[in-house]
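K.L.:
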Ligand SMILES: [Zn+2]
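Protein chains in written order, with my numbering: chain V, 1 to 464; chain A, 1001 to 1552.
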């Protein structure tokens, strides 16, 4: 039994709850479930031929350097081949070179995993880096991984995720996205499903790409509430600046999440695993005893929660004017934050040379595509609906079969080889469609901003 | 000897016009190098040592009291003698123009001399920048408002105040989002500056200011931090440039021995491997960890034993620490191998780590002889994320965890309380020193302990106390009165040692002003191991036995 099946079974529970499940969805879901990591090389060959959106990808990472033919070539890619053969410091002059490399047919050189590194000061050509070549530019990136939430998850642990814990990722996206756009003024933010158990964030504004390390870590710290070093036993964080606009806004999101997901859905107040954890965060023995007593006489998670809130509020009131007041005044919020505020790995974000899995690459374990997530509709993103590469193959064949009946059309392989259609077009015939459109929208918005800049520069020239 | 003559590349300029009108204020951004002049070697050293005294005073005071507090200001004035104070901190109001000019000259010269001294090594550079920024901040805080305005203008720091209308519109938000000690301070904040967030990173980092669309709304009171941040950046950039120039002229430059010995005088040894031998092997590490490891190393060691794994930054910090206490490369390899394999890593996957370890010992990549991290580097470096075990427990643990940990190591309640109280006031190194005192009480008797500056120093002193027979080098750099900077003329052995240097070139730091890029080579090498290991752990899950466990 493999991991993919475990995820799939919990996924189908989720799918049942959805209202418009079409018949074809069920067929493809079945096809997806049958994904086997052993056939990955064959599936990947097809994926790079028919689905990987090279053109959009190049337009994105070339960042409008139309006249600077060397820009894309300065980017580091890291390819992981079959059996964990690991190639760092790869680079491609242009889109064609990249296509050529990824589409090589020999299964021994097909990349199982594609990671993106920084832009270097000079072209890297070797597997060992020349010390005089240094990273000069890099998107601001965040990597949020479900395993970092293990101390507070009630449902799964490790690499497993389910419909109950996934909303943690949604909350992380909402909180971080708001800060990046409203507080820091960034506009070009790309959220991507990591293919298995987390999300990645790429901030691509020019200003974000040229940030120094100190600035990157300052942004991460601005976003950080839960500091590391307290692994094992979840203790309550301390929040002293709950009035700060950014914190206040995050707290609103946290409270709503906590009530909906933890109190109501996961029934934390009746949970054998959750309740003791929550109670221990009250830290004051007398208070814990008192709350326990009240709770024993109350039934239902939400009712219990309300009585806890009452008890704690009263406790805090009584401390007013004492030296402990500072420590306990935000107690309720602090507990909720501890349970669901995003855990950030500062080491991913602060350096320029950290590698991050490429959007639209395939997770080698689950076979799922690393598809973009629309942050405005993060709630409706379901990781178990993300197509696997196996499912895509199936869907494309179905699409061609249907078309063949109506008109004279060649097989998908012919179509590609005769350059009749691009992967961007092919992918739109499958459940990857929305993802491609999202990517397109993101790239177009980037391009529009460069055009505005050029126009402005032109205008200025005209004035003289 | 024409010192600046021999270092012409650095200061190849004709007499400069800056500060010719000798401004009355002492705060100086040091935008321009000194006048082109010759000074002899004795003067060169004397100036350097004089300024070093001032900087060391700043360092010591910052250990004892929080920057910006009244105690801090008092201690600075008290710890720096009158003559130096007039020259470097606050000039006498009534004095001759000659004296003023001479003080100015010394200030500028000594600053630029120390730049040369401290620019060549990451660790030293960090130290120098920290102390110079503190000195700068202190001077600035002593100036009156109009002088500050003038200074800002002269230094091209023309920050425009927030327009009244905008201020009125967002005033309630500003009041809530601006950090203040008390309400009266909040009410006093009526003048705000709208500054690119990149210039107010310290305030942003700590959420001390309101942020909107990339603008930081900084009250006048916190503008000081912004200016200091600018100064820090400026200094870091200048030092990087300078280090390249000096590296280029390394061979022929007669100054190098002098610079080396001055540099070594700042906080003693850099704890490169091999300076001390304690007979350390994999087999006695557990015992050593119990007896003599500082909390940071003990924490990482225990996690390595327990989890059979350490993440990237901990491997780096702990690995270099072990190297520093004299663990051989082979033994370090053995340690990691044994533990990681216990954690289920395959032989093949460990290959990447082997490369990382060899790299740390300077056998791969640029073959740099990396030195163990000092406390300052650990405290100011990457904070640990969840599941990370690097960093300084005093700085990065939450207080309740620290408390619990101290208790479990047998620290009595009163000791725990003292340590926690130091930590809560931000005195992490003093807290660590206290911990040392408590755990070595019986051997210490009444010896005076200077504050811990380096995890390896902690270890060394502990061994010296507990098992003096195992320590080859006998001179303690620790149990003593605060040291004067080393005078090269009198202490040729120090100069000798510093000049002959550790094996291999000293890690140089160029390319950018970023703090950690100097380690990039090592970082990348170890990251290789990290990433490949992530891939490996994926493949580990395909292991049928693993799948069964899951199913069960
Ligand atoms: Zn779950």
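Where a beta carbon is used, it is the ideal one built from N, C-alpha and C, also for glycine.
Over the uninterrupted alpha helix (DSSP H) stretch that includes residue 308 of chain V, give me the two end residues.
P.N.:
Start and end: 301-319.
K.L.:
With a threshold of 8 Å on Cβ separation, who are the neighbours of residue 450 of chain V within its own chain once the five nearest residues in sequence on each side are excluded?
P.N.:
63, 64, listed in sequence order.
K.L.:
Which of the residues in the stretch 333-350 of chain V, read from start to end, lie with their CB under 9 Å from any CB of chain A?
P.N.:
Hits within the stretch, in order: 343, 344, 345, 346, 347, 348, 350.
K.L.:
Quick one, which of A:1057, A:1260, A:1109, A:1086 has its alpha-carbon nearest residue 1039 of chain A's?
P.N.:
The residue with the shortest Cα to Cα distance from residue 1039 of chain A is A:1109.
K.L.:
Helix, strand or coil, according to DSSP, for residue 1465 of chain A in the structure here?
P.N.:
If DSSP states are grouped into helix, strand and coil, residue 1465 of chain A belongs with the helices.
K.L.:
Restricting to runs no shorter than 3 residues, where is the beta strand (DSSP E) found entirely within the stretch 1394-1440 of chain A?
P.N.:
Segments of the beta strand (DSSP E) lying fully in the stretch 1394-1440 of chain A: there are none.
K.L.:
Comparing the CB of residue 164 of chain V with every heavy atom of ligand 1, is any distance shorter than 8 Å?
P.N.:
Checking the Cβ of residue 164 of chain V against ligand 1 gives yes.
K.L.:
Mind checking residue 1394 of chain A: buried by the 16 CB within 10 Å criterion, or exposed?
P.N.:
So residue 1394 of chain A counts as buried.
K.L.:
With a threshold of 9 Å between beta-carbons, can residue 1211 of chain A be considered close to chain V, or not?
P.N.:
It does: the Cβ of residue 1211 of chain A has a partner Cβ on chain V nearer than 9 Å.
K.L.:
Where do the N-terminal and C-terminal ends of the alpha helix (DSSP H) with residue 182 of chain V fall, by residue?
P.N.:
Run containing residue 182 of chain V: none; DSSP gives neither H nor E here.
K.L.:
Excluding the 5 residues flanking residue 1322 of chain A on each side, which residues of the same chain have their C-beta closer than 7 Å to its C-beta?
P.N.:
So the qualifying residues of the chain are 1332.
K.L.:
Using the C-alpha atoms, what's the distance from residue 1065 of chain A back to residue 1440 of chain A?
P.N.:
Roughly 25 Å between the two C-alpha positions.
K.L.:
Using the DSSP secondary-structure output, state which residues sit across from residue 370 of chain V in a beta bridge.
P.N.:
Residue 370 of chain V is not bridged to any residue.
K.L.:
Might you give, ordered along the chain, the residues of its own chain that have their beta carbon closer than 6 Å to the beta carbon of residue 1162 of chain A, omitting 5 neighbours on each side?
P.N.:
Within the same chain, residue 1162 of chain A has close Cβ partners 1192, 1194.
K.L.:
Taking residue 1081 of chain A as the reference, which of A:1098, A:1107, A:1054 has the closest Cα?
P.N.:
The residue with the shortest Cα to Cα distance from residue 1081 of chain A is A:1054.
K.L.:
Relative to the C-alpha of residue 1144 of chain A, which residue among A:1090, A:1116, A:1169 is closest?
P.N.:
The shortest C-alpha separation from residue 1144 of chain A is found at A:1090.
K.L.:
Are the beta-carbon atoms of residue 1120 of chain A and residue 1243 of chain A separated by less than 9 Å?
P.N.:
In contact: residue 1120 of chain A and residue 1243 of chain A (Cβ atoms closer than 9 Å).
K.L.:
If I measure Cβ to Cβ from residue 1281 of chain A and keep anything under 7 Å in the same chain, skipping five residues before and after, which residues do I get?
P.N.:
Cβ neighbours of residue 1281 of chain A beyond the five flanking positions: 1331.
K.L.:
Could you name the residues of the stretch 1191-1225 of chain A whose beta carbon sits closer than 8 Å to any beta carbon of chain V, in the order they occur along the chain?
P.N.:
Those would be 1197, 1198, 1201, 1202, 1204, 1205, 1206, 1207, 1210, 1211, 1212, 1213, 1214, 1215, in chain order.
K.L.:
Please say whether residue 1396 of chain A and residue 1318 of chain A have beta carbons closer to each other than 9 Å?
P.N.:
No, the pair does not count as a contact, with Cβ atoms beyond the cut-off.
K.L.:
Once the 5 residues before and after residue 945 of chain A are set aside, which same chain residues still bring their CB inside 7 Å of it?
P.N.:
In the structure as shown, chain A begins at 1001 and stops at 1552. Residue 945 of chain A is therefore absent and cannot be evaluated.
K.L.:
Would you kindly report the start and end of the unbroken beta strand (DSSP E) that includes residue 203 of chain V?
P.N.:
Run containing residue 203 of chain V: 198-203, per the beta strand (DSSP E) assignment.
K.L.:
Quick check: what's the CA-CA separation for residue 1467 of chain A versus residue 1287 of chain A?
P.N.:
Answer to the nearest angstrom: the Cα atoms are 13 Å apart.
K.L.:
Three or more C-beta pairs closer than 8 Å, one from the stretch 363-378 of chain V and one from the stretch 311-324 of chain V: is that the case here?
P.N.:
The stretch 363-378 of chain V is not in contact with the stretch 311-324 of chain V.
K.L.:
State the CB to CB distance for the pair residue 191 of chain V and residue 373 of chain V, rounded to an integer number of angstroms; the pair is presumed to be in contact (CB under 8 Å).
P.N.:
Yes, residue 191 of chain V and residue 373 of chain V are in contact; Cβ-Cβ is about 4 Å, under 8 Å.
K.L.:
Compute the minimum distance between the beta carbon of residue 149 of chain V and the heavy atoms of ligand 2, and state whether it is under 8 Å.
P.N.:
As presented, the structure is devoid of ligand 2, carrying ligand 1 as its sole ligands.
K.L.:
Within this structure, are the beta carbons of residue 182 of chain V and residue 1213 of chain A separated by less than 9 Å?
P.N.:
In this structure, residue 1213 of chain A lies closer than 9 Å to residue 182 of chain V by Cβ.
K.L.:
Measuring alpha carbon to alpha carbon, tell me which of A:1041, A:1125, A:1134, A:1122 ends up nearest residue 1076 of chain A.
P.N.:
Per the Cα distances, A:1134.
K.L.:
Is residue 141 of chain V near residue 349 of chain V, with beta carbons less than 9 Å apart?
P.N.:
Going by C-beta atoms, residue 141 of chain V is nearer than 9 Å to residue 349 of chain V.
K.L.:
Does DSSP classify residue 1490 of chain A as helix, strand or coil?
P.N.:
Bear in mind that the predicted position of residue 1490 of chain A carries a pLDDT of just 30, short of 50, making it too unreliable to give a figure here.
K.L.:
Would you say residue 1418 of chain A and residue 1434 of chain A are within 9 Å of each other, going by their C-beta atoms?
P.N.:
Contact flag set, yes.
K.L.:
Can you list the residues of chain A that residue 215 of chain V reaches, using a CB-CB cut of under 7 Å?
P.N.:
Correct list: 1198, 1201.
K.L.:
Taking C-beta pairs closer than 8 Å, name the residues in chain V that residue 1173 of chain A reaches, listed in chain order.
P.N.:
Near residue 1173 of chain A (Cβ distances below 8 Å), the residues of chain V are 245.
K.L.:
Quick one: which residues of the stretch 1304-1328 of chain A get their C-beta closer than 9 Å to a C-beta of chain V? List them in chain order.
P.N.:
Those residues of the stretch 1304-1328 of chain A that come within reach of chain V (Cβ to Cβ, closer than 9 Å) are 1311, 1312, 1313.
K.L.:
Taking all protein chains shown into account, do 16 or more other C-beta atoms lie within 10 angstroms of the C-beta of residue 454 of chain V, making it buried, or fewer, making it exposed?
P.N.:
Residue 454 of chain V comes out exposed.
K.L.:
Using a Cβ cut-off of 9 Å (strictly closer), state whether residue 1361 of chain A contacts chain V.
P.N.:
No, residue 1361 of chain A does not count as interfacial toward chain V.
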